[in-house]
Amino acid sequence: MKNRIIIRLAAVVAALVTFCFLTSCQSKEEKIISQLESLCNTVERDGFNVKDIDSVQEKFEAIHESAKDCNFTNDQLKEVAKLDARFTKAVAKKAVERVGNAIDGIIEGLSGDN
């Protein structure tokens, strides 16, 4: 009885260790792509505030600084370019929304509507 429990426990632990080992073995290039993807998701989120843009921009630049040491494949370079464009588009969209809200506020202030 004890042997069965120990064998099953050992099998579960082995499976978990194998899973952790396989998922943590990303190359530097894959980590850069993953970080860019995460940053894009952060900016695209509805709750993202344009006031946080400086910190996000610093992270973006740090990721690109780390990417200088990577040897990307052609497919990975295409993915990085797509993520760069996606990030730029999301930041621009948030900035336009902020400007639009400011203009609406100014117009409301000038018209006297509260």
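With my numbering applied, the sequence shown covers 1 to 114.
Heads up, the beta-carbon is just placed ideally off N, CA and C, and yes, glycines get one too.
Note that the structure is a prediction, hence the values are computed from the model and not measured.
- Message: Does the structure place the region 79 to 87 close enough to the region 32 to 44 that three or more beta carbon pairs sit under 8 angstroms?
- Response: Counting Cβ pairs under 8 angstroms, three or more are found: they touch.
- Regarding L83 and the ligand GTP, is the C-beta to nearest heavy atom distance less than 6 angstroms? With respect to the ligand GTP, the structure shown offers nothing to examine, as it has no ligands at all.
- Query: How about I115 and A81: do their beta carbons lie closer than 7 angstroms?
  - Reply: Outside the displayed span of the chain (1 to 114) sits residue 115, for which this structure offers no information.
- Item | Spatial distance of K28 from N3 (CA atoms) | Counting only the Cα atoms, N3 lies some 42 angstroms from K28.
- Message: Our contact map puts I53 next to V96 with C-beta atoms below 8 angstroms; I'd like the distance itself, whole angstroms only.
- Response: A Cβ-Cβ distance of about 13 angstroms is found for the pair I53 and V96, leaving them out of contact under the 8 angstroms criterion.
- Query: Would you report the Cα separation of I5 and E30, rounded to the nearest angstrom?
  - Reply: Their Cα atoms are separated by approximately 39 angstroms.
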